[in-house]
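All remarks here apply to the structure that follows.
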Amino acid sequence: MELDELRSIWSQHEQKLVESTRINQVLLRKLLIANTEKRIDWMKIRTLAGLILPLIGIVFIVAPRIEFSFKFDVVLGIALFGSLSILTYIWAIRVYLLIERLNFNESVLSVSKQLKLVEKYKLKITKHSLILAPFMIIGVFLSAGIPFLSAKMIPFYALMVIVFLVSTYIRTKHGLVAQLRKIDTDLEEILKLELDEP
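Spelled out as structure tokens, the structure:
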């Protein structure tokens, strides 16, 4: 009789342990999802701010200072800078829309695939933006009447290259792509928890 009582007590404790483990996994999953959703919300806010702030800058800072003339350099500079700015702005809108489509009501694998799509697109945009940046700067110089082939501009070019390299490093190391990788790690942990559930 004592052995049967011990077995029943042991099985009750085992059931409580299994139930406690299941509850802990559910709570951990909810916590990981909440943290991931917060990161994605923060990315949405940053991306949206990146869409709004340039428009404010153009309307209130750049537009009032433009002295338009029909000189070839000015027209070429405005066309070069304007077209490349519009192109990169369209890319930024696309990134925002991809981030906005992330939905945690779907399966973790589906969210992970969507996240990989955002990461791949963001890397592609970053690469193309870095390639186009010198042409945008030339467009600014031409439209402002700054002689960009002058020897006096060499220190400015050196400073510009340094800032360009530092900003590239920061964008790739701590920017959106790094955040997407952190979110992807959280999603992998959530998927492991889902697979471990009985």
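853 is the number of the first residue of the sequence shown in this note's numbering; add one for each residue after it. Note that CB positions come from ideal geometry on N, CA and C, so glycine has one too. None of the values given here were measured: they were computed from a predicted structure.
Cut-off 7 Å between Cβ atoms - residues of its own chain near residue 956, not counting five sequence neighbours on either side: 885, 889 and 963
Own chain residues within Cβ distance below 8 Å of residue 953, not counting five before or after: 966
Relative to the C-alpha of residue 988, which residue among 859, 934 and 910 is closest? 934
Which class does residue 876 belong to by DSSP, given the choice of helix, strand or coil? helix
Using 8 Å for Cβ pairs, my map puts residue 929 next to residue 1016. What's the rounded Cβ distance? Contact between residue 929 and residue 1016 is ruled out by a C-beta separation of about 19 Å, above the 8 Å threshold.
Ignore the nearest five residues each way along the sequence and tell me which others in residue 920's own chain have a CB closer than 8 Å to its CB. These residues qualify, in order along the chain: 926 and 930.
Would you tell me roughly how many angstroms separate the C-alpha atoms of residue 1045 and residue 1022, rounded to the nearest one? So the two alpha carbons sit approximately 33 Å from each other.
Given residue 1047 as reference, the closest of 968, 938 and 881 once Cα atoms are compared: Checked all of 968, 938 and 881; the closest Cα to residue 1047 is 881.
So, residue 971 versus residue 1032, is the Cβ gap smaller than 7 Å? yes
Please state whether DSSP places residue 1002 in a helix, a strand or coil. coil
Taking the alpha-carbon positions, what's the residue 896 to residue 865 distance? Looking at the backbone, the Cα of residue 896 and that of residue 865 are separated by about 46 Å.
What three-state label does DSSP hand residue 953 in the structure shown? coil
Under a Cβ-count criterion, where at least 16 other Cβ atoms within 10 Å of its own Cβ denotes burial, should residue 1037 be classed as buried or exposed? exposed
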